[in-house]
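Engineer:
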Amino acid sequence: MVVSTTSSALPIAVYATTQLPVKLTATNFSSWRAQFDALLFGYGLVGYVNGSFPAPASEIEKNGQNVPNPEYSFWMRQNKLILLAIFLTISENITPFIAASNTSMEAWQKLIKMYANKTQSRIMDLKDKLSSTRRDTKPVGEYLHSNSRPVCKLCDKVGHLAKTCRQGKRFLTSSPTANYASTTSSEKS
């Protein structure tokens, strides 16, 4: 590992918007990961996301007392900068899936798990497309809700009203001959 962990060293800043131009969406994980891997490898930071450079102990013993470990402090600062770079290079609808991650490795593993399954990736892609699609300047969900199809009050089927219902017309035009005969004969007696 090339990273210096002395207390005077500064963590390596990742300029996500210029160094990582491809934002992660539901369909481009391979290309996004390739650019991120290349950057991390170039800076010697891959160990933060793959687990080969784990966090050192948060405290060390010095003169018989536990004191904060400067190497841990450096590791956490560098880790958070990598985590920030991940957040800055993913689309808004992916952010909630990794928002609770405390380390860059945790976020990285969640992204790999999400995109290792092609079905999950396809579902996210469809959700992304649906949420960004518009009809008459309204999001699709709002448009569909406001333009719902009519429901017939006679037959409970979607797509027509009672005045045009075939089943309803059959019911209304049929004569109740069986009931009519029985009620008229009982009234006479």
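Under my numbering, the sequence shown is numbered contiguously, ending at residue 388. Glycine included, each C-beta is placed from N, C-alpha and C at the ideal position. Fair warning: this is a prediction, and the values are worked out from it, not measured in the lab.
With distances taken from CA atoms, which of Leu238, Asn227, Tyr314 is nearest Thr216?
Structural biologist: Thr216 has its Cα closest to that of Leu238, out of Leu238, Asn227, Tyr314.
Engineer: Looking at C-alpha atoms only, which residue of Thr226, Met313, Lys279 is the closest neighbour of Asn301?
Structural biologist: Answer by Cα proximity: Lys279.
Engineer: With burial defined as no fewer than 16 other Cβ atoms inside 10 Å of the residue's Cβ, what is the status of Leu244: buried or exposed?
Structural biologist: Burial call: buried.
Engineer: Let me know if Gln277 comes out buried or exposed under the rule of 16 or more other beta-carbons within 10 Å of its beta-carbon.
Structural biologist: The residue is buried, with at least 16 neighbouring Cβ atoms inside 10 Å.
Engineer: State the CB to CB distance for the pair Tyr314 and Phe228, rounded to an integer number of angstroms; the pair is presumed to be in contact (CB under 8 Å).
Structural biologist: Indeed, because the Cβ distance is near 4 Å, the residues count as touching under 8 Å.
Engineer: Does the segment 286-300 touch the segment 253-264, meaning 3 or more C-beta pairs lie closer than 8 Å?
Structural biologist: Output reads no: the segment 286-300 does not touch the segment 253-264.
Engineer: Which residues does DSSP pair with Leu223 in a beta bridge?
Structural biologist: Per DSSP, Ile289.
Engineer: Give the straight-line distance between the Cα atoms of Lys356 and Ala225, rounded to the nearest whole angstrom.
Structural biologist: So the two alpha carbons sit approximately 37 Å from each other.
Engineer: By the three-class DSSP mapping on this structure, what secondary structure does Asn278 have?
Structural biologist: Asn278: helix per DSSP, three-state reduction.
Engineer: In terms of residues, what are the limits of the alpha helix (DSSP H) holding Ala245?
Structural biologist: What sits at residue 245 in the sequence shown is Val, not Ala. Counting along the chain, the alpha helix (DSSP H) containing Val245 begins and ends at 245-249.
Engineer: May I ask whether a heavy atom of the ligand GDP can be found less than 7 Å away from the beta carbon of His359?
Structural biologist: Of the ligands one can find in the structure shown there are none, so the ligand GDP has no counterpart to examine.
Engineer: Which of helix, strand or coil does DSSP assign to Ile259?
Structural biologist: In this structure, Ile259 counts as strand in the three-state DSSP scheme.
Engineer: Can you name the residues that DSSP bridges to Lys337?
Structural biologist: DSSP, once it has assigned bridges, lists Arg334 as partnering Lys337.
Engineer: In the structure shown, what three-state DSSP assignment does Pro267 receive?
Structural biologist: Strand, per DSSP.
Engineer: For Pro295 and Asn268, what's the separation of their Cα atoms in angstroms?
Structural biologist: C-alpha separation (whole angstroms): 32 Å.
Engineer: By Cβ distance, which residues of its chain are closer than 8 Å to Asn292, with the 5 residues on each side in sequence left out?
Structural biologist: Within the same chain, Asn292 has close Cβ partners Ala225, Met323, Lys326, Asp327, Ser330.
Engineer: How should Ser303 be labelled, buried or exposed, when 16 other C-beta atoms within 10 angstroms of its C-beta is the threshold for buried?
Structural biologist: With 16 or more Cβ atoms within 10 Å of its Cβ, Ser303 is classed as buried.
Engineer: Looking only at C-alpha atoms, which of Ala298, Ile311, Glu258 sits nearest to Phe273?
Structural biologist: With distances taken between Cα atoms, Phe273 lies closest to Glu258.
Engineer: So who's on the other strand from Val350, going by DSSP bridges?
Structural biologist: According to DSSP, Val350 bridges with Val357.
Engineer: Roughly how many angstroms lie between the CA atoms of Tyr247 and Tyr271, to the nearest whole one?
Structural biologist: In a straight line, the C-alpha of Tyr247 is about 13 Å away from that of Tyr271.
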